[in-house]
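Visitor: Chains as they are written, first to last, in my numbering: chain A, 1 to 462; chain B, 463 to 838. Don't be surprised by glycine CBs; every beta carbon is placed ideally from N, CA and C. The structure's right below; bear with me while I get my questions together.
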Amino acid sequence: MLFNSIEFVFFLPVVLVVHFLVLRRSWRLQKGFLVAASYAFYMSWNPRFGLLLLLSTMVDYVVGLRLGRSTSVSGRRALLLVSVAINLGILGFFKYWRFFAENVAPVLGSSDAVLLDVLLPVGISFYTFQSLSYSIDVYRGTQRPCASLLDFMLYVAFFPQLVAGPIVRSSDFLPQMRARPVVSGPLVEDALARIAMGFVKKVVLADTLGEYVDQVFGHAGVLGGWNALLATYAYAFQIYFDFSGYSDIAIGVAQLFGVRLPENFARPYLAASPREFWQRWHISLSTWLRDYLYVPLGGNRRGGARTYVNLLLTMLLGGLWHGAAWNFVAWGGFHGVLLVLERMAGPGREAAAGPLRTWVGRAGTFHLVCAGWILFRAPTLGDAWAVFTSLADGTFVVTPEAVRALGVLALAMLAHAGRSAARWRSDQVARPPLRQGAVYGALIILVLLFSPGTGRFIYFQF
Amino acid sequence: MRRVPIIVGSALITVGTVLGVTAWTIGPALSRVGDALYRHRDVVRQTLVRHDPGTRAVAWLGDSTMMWARGVPSYARLATRSLPGEDVEPFIFAMPGLDFFHFYCVMPRVLEAAPDLVVMPANLFNFRRDRQEGVYPDLCSFQTTSALLRGAGLPWHRRSVTVPRLLLTRLLRAPLIERWVRFFEGLRVAAAESALRNPFGVAPYALPPDARAGEVERRVRRHLEHAAQRITDEHPVAQMMDATLAMVRRRGVPIVVFMAPVNVAAVAQRGQYDRARHLESVAVLRRITERHGGTFVDLYGGTLPGQFRDLGGHYDAAGMRRIAMALRPHVADALGIPRPAAAADWPRMPALPPKRVRPSRGVGTPARSPDHAADG
């Protein structure tokens, strides 16, 4: 079920009413209902994949309990291995089987018999990482095993963040489940502001930019170089507003239930270096990769060369996490190389930078990130190359979509670089309720008018 | 917390006021735009009325290849009317892009009219794997509650149709809600096409000729690729076909399924034809049809290369006539009436091209008129 779908318009009010009015006496019942609602949310798309979610949940729940009881090092290691093997096995089969078969089958001289028509379950990458992180935390001793199956099921399946994050750590989520969260007026008002902002980001900004991006990347290399450049900028903001819009809605909806989810973005295009970009972009994934991949690989503790290898490996796998295709691998590798080069250039340079250097750093980083987005967005590496080479062509073909994209891009840039979202929200919440409502009403009309027939969130494919 | 209901209430009042004033002032004009969007759908939504109780009703389902004014069913109408001693009335339930997902949705309405025969094409383009388009929600609304329960295990998710959506779409049967939906669709389209979205009135972009040639070839290849792919029992459209035929069978209505012809020469010319794979696919479709007591007619190569008016699988008048003639004996058999003796009794129709052909695009250009856009 998409947040911007008619089903969700009915689903959310029903869940809120049952949660707060019907079941308000028992927190346990409320949690049980939220689990049921989350499974209904997930299974409405394909009921069978609910079993997969349940399997992943049960494996990590049982592994967590056993890890809590086990004292032997080898036993604990074996338990963790079980969790890692099952979680990554499921993810590998559903997400990477076809990629593996397509690339390995020709080498083995095999026919297309191995090319199973495996359907990718929505959100599998997100909930697998979330569930897996719990087992690793319990293994490391940084998280106590969760005794309540209900709490753990809700941790993995909580519908606002189930299909596209933010990836929540068990240490952030499970403590909130011990007692009924306090749902205060200001929290709900902040949630409403977030949700409204999220929809505007997604439907008005991201989807409008997407029309132009589709036009240019759909005819890679055909339109002029300025078109390719404009489309690349447009895509940079499309993917940002699409995903951060989704995250805002997810965080806002969770807040309506009193649950706090972590922030996922911090104005990433104001980053003055690739490293800083990853501290601001998809924060829940980048910190996951840092804590559960980069650090276990040795991080920066084993000398310069090993650090570079670790960085590259982490980013390559991070790229592959986004999708089973070579362009995602290339995108990950590209960012890995950027991080290695930055580290080679020496640490702590940002601290000494003045305003001019900061802005040069921001502009440079933004353009490097945009180069990466070409690899990310192009359907194939060949198309990406065609877009890169077309950048040298100095022509601009004026199309209605290009004019629209220019206008929306200017708005998007202002929205990104201007006042922070948190300040906008706090200003909004400070307004009298009637005025707040009128603003939301106007935004709803705007979203309704811009809503396309199908507006899938980009990050759903991951 | 007391402020929250006021905020929500005033937001809803704002939305209601704006929409209400819009509906009051320019509502009829917007509704007309919305109605136009549903033009084809109205054809499918029509209630079957048997004009003469003495006639036999044949329900023809299909996509754009079946829906033209001078399309296959029109030829079939003449063909079946000329069957000896019987009066056969065909009803057409066709619009662009329909496949067995849609046939399943619309079948309860079709069966309401107690047809004597249901004819459906298995158009190979509809079996393409990457097909993502949704199922028209208003067609889903034809589903009865019992059919919805039976259909719970069907692969609706392949077309982004969720179970709640299947339930919600039933609201469309309420005239007031449907009227509002059409008004709102009109409003959305008007907004999308307004000067605000294109303030400088820039002309729509057309690919340059050299790029267009490459683009056309890419599209043709992709299109024909789908016509040459393997179909298995597990294919989502095959699953829907199975469920659709089961629904018809339960009502004891005879079925004729035919494999719609493909431009075999174009497929072969691009090296995309694999005979073994093709036979395998035909066997699957035949097996599903025969499992439900139906008749399967393979017309894959049933037309001549010159009988297509584009590479989107649309036939010219001669092609449509040929298909109608090929189906005529099977229709007669399924209705239990004597087979026609020969084709000599065929009343001639002028072999005019359908109205929507765009000569400027030339031969080999996939059709892109609004009617074709959704077609597989």
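#1: Give a yes or no on whether 8 Å exceeds the smallest Cβ distance from L707 (chain B) to chain A.
#2: Against chain A, with Cβ distances strictly below 8 Å, would T624 (chain B) count as a contact?
#3: Relative to the alpha-carbon of L481 (chain B), which residue among B:V534, B:A556, B:L649, B:P583 has its alpha-carbon at the smallest distance?
#4: DSSP state of P552 (chain B), grouped into three classes?
#5: Rounded to whole angstroms, how far is the Cβ of R377 (chain A) from the Cβ of Y235 (chain A), which I believe are closer than 8 Å?
#6: Are the beta-carbon atoms belonging to L499 (chain B) and D525 (chain B) less than 8 Å from one another?
#7: With the cut-off set at 8 Å, would you say A575 (chain B) and A519 (chain B) are in Cβ contact?
#8: Given this structure, state the Cα-to-Cα distance separating S472 (chain B) from A438 (chain A), to the nearest angstrom.
#9: Which first and last residues belong to the beta strand (DSSP E) in which G524 (chain B) is found?
#10: Scan the region 206 to 220 of chain A for residues whose Cβ lies nearer than 8 Å to a Cβ of chain B and list them as they occur along the chain.
#11: Tell whether a beta-carbon distance below 8 Å holds between V259 (chain A) and F158 (chain A).
#12: Measure the alpha-carbon distance for N4 (chain A) versus L23 (chain A) and round it to whole angstroms.
#13: What does DSSP give as the partner residues of A584 (chain B) in its beta bridges?
#14: For the candidate residues B:N588, B:S656, B:V581, whose alpha-carbon lies nearest to that of G775 (chain B)?
#15: Residues of chain A with CB under 9 Å from F662 (chain B), in chain order?
#16: Could you name the residues that DSSP lists as bridge partners for V840 (chain B)?
#17: Run down chain B in chain order and give the residues with a C-beta less than 7 Å from the C-beta of Q436 (chain A).
#18: Taking the alpha helix (DSSP H) that H367 (chain A) belongs to, which residues open and close that run?
#19: Check each candidate in A:L368, A:L205, A:L381, A:G364 and name the one with the smallest Cα separation from N327 (chain A).
#20: Is the region 354 to 365 of chain A touching the region 193 to 211 of chain A in the sense that three or more CB pairs, one from each, lie closer than 8 Å?
#21: Against P666 (chain B), what residues of chain A qualify as contacts under a CB-to-CB distance less than 8 Å, listed in chain order?
#22: Determine the closest residue to S44 (chain A) out of A:T232, A:M197, A:V122, with distance taken between C-alpha atoms.
#23: By Cβ distance, which residues of its chain are closer than 8 Å to G755 (chain B), with the 5 residues on each side in sequence left out?
#24: Would you decide whether T624 (chain B) is buried or exposed? Buried here means 16 or more other CB atoms lie within 10 Å of its CB.
#25: What is the rounded straight-line gap between the Cα of V15 (chain A) and the Cα of A193 (chain A)?
#26: Is V104 (chain A) buried or exposed, if buried means 16 or more other CB atoms sit within 10 Å of its CB?
#27: In the DSSP assignment, find the alpha helix (DSSP H) that holds S5 (chain A) and state where it starts and stops.
#28: Can a CB atom of chain B be found closer than 8 Å to the CB of Y440 (chain A)?
#29: Return the residue from the list A:R76, A:G50, A:S72 that minimises the CA-CA distance to V62 (chain A).
#30: What are the complete alpha helix (DSSP H) segments, minimum 4 residues, inside the region 38 to 112 of chain A?
#31: Along the chain, which unbroken stretches of the alpha helix (DSSP H) at least 4 residues long are found entirely within the region 649 to 713 of chain B?
#32: If we define contact as Cβ-Cβ less than 8 Å, is H619 (chain B) a contact residue for chain A?
#33: Is the Cβ of S390 (chain A) closer than 8 Å to any Cβ of chain B?
#34: Could you name the residues of the same chain whose beta carbon sits closer than 8 Å to that of R311 (chain A), not counting the 5 residues immediately before and after it, in chain order?
#35: Using the three-state DSSP reduction, which class does Y777 (chain B) fall into: helix, strand or coil?
#36: What does a CB cutoff of less than 6 Å around L523 (chain B) pick up in its chain, not counting 5 residues either side in sequence?
Guide: According to the structure data:
#1: It does not: the Cβ of L707 (chain B) has no partner Cβ on chain A nearer than 8 Å.
#2: Chain A contact via Cβ: present.
#3: The option with the nearest alpha carbon to L481 (chain B) is B:L649.
#4: Here P552 (chain B) sits in strand by DSSP.
#5: Contact flag correct, Cβ pair sits at about 5 Å.
#6: No, the Cβ-Cβ distance between L499 (chain B) and D525 (chain B) is not below 8 Å.
#7: In this structure, A519 (chain B) lies closer than 8 Å to A575 (chain B) by Cβ.
#8: S472 (chain B) and A438 (chain A) have their C-alpha atoms spaced approximately 6 Å apart.
#9: It spans 518 to 524 - the beta strand (DSSP E) in which G524 (chain B) sits, taken as one unbroken run.
#10: For the region 206 to 220 of chain A, which is checked against every Cβ of chain B, the residues closer than 8 Å are Q215, H219.
#11: Taking 8 Å as the cut-off, the beta carbon of V259 (chain A) is found closer than this to the beta carbon of F158 (chain A).
#12: The alpha-carbon atoms of N4 (chain A) and L23 (chain A) are separated by roughly 27 Å.
#13: According to DSSP, A584 (chain B) bridges with B:M721.
#14: Selection B:N588, B:S656, B:V581 evaluated against G775 (chain B) yields B:N588 as nearest (Cα-Cα).
#15: For F662 (chain B), the C-beta contacts it makes with chain A under 9 Å involve V398, P400, V403, in order along the chain.
#16: One cannot answer for residue 840 (chain B) here, as it falls past the ends of chain B, which runs 463 to 838.
#17: Per Cβ cutoff of 7 Å: I469.
#18: That run of the alpha helix (DSSP H) goes 355 to 377.
#19: Residue A:L381 holds the alpha-carbon nearest to the alpha-carbon of N327 (chain A) among A:L368, A:L205, A:L381, A:G364.
#20: In the pairwise beta carbon analysis, the region 193 to 211 of chain A is classified as not touching the region 354 to 365 of chain A: fewer than three pairs are separated by under 8 Å.
#21: In chain order, T399, P400 make up the part of chain A whose C-beta sits under 8 Å from the C-beta of P666 (chain B).
#22: Measuring from the Cα of S44 (chain A), the nearest candidate turns out to be A:V122.
#23: Cβ neighbours of G755 (chain B) beyond the five flanking positions: R711, P716, I717.
#24: With a 10 Å radius around the Cβ and a threshold of 16 neighbouring Cβ atoms, T624 (chain B) comes out buried.
#25: If I take the Cα positions, the gap works out to 20 Å.
#26: V104 (chain A) comes out exposed.
#27: From DSSP, S5 (chain A) is part of no alpha helix (DSSP H); its letter is neither H nor E.
#28: Yes, Y440 (chain A) counts as interfacial toward chain B.
#29: Ranking A:R76, A:G50, A:S72 by Cα distance to V62 (chain A) puts A:R76 first.
#30: With a minimum length of 4 residues, the unbroken runs of alpha helix (DSSP H) contained wholly in the region 38 to 112 of chain A fall at 49 to 69, 73 to 91, 97 to 108.
#31: Given a length threshold of 4 residues, each whole run of the alpha helix (DSSP H) inside the region 649 to 713 of chain B is given here in chain order: 671 to 689, 698 to 712.
#32: It does: the Cβ of H619 (chain B) has a partner Cβ on chain A nearer than 8 Å.
#33: Closer than 8 Å to the CB of S390 (chain A) there is not a single CB belonging to chain B.
#34: In the sequence under discussion, the amino acid at residue 311 (chain A) is Leu, which differs from the Arg named in the question. Once the five neighbours on either side are set aside, the close Cβ partners of L311 (chain A) are Y294, G336, L339, V340, R343.
#35: Of the three classes helix, strand and coil, the one that applies to Y777 (chain B) here is strand, per DSSP.
#36: Here the set comprises F555, F565, M582.
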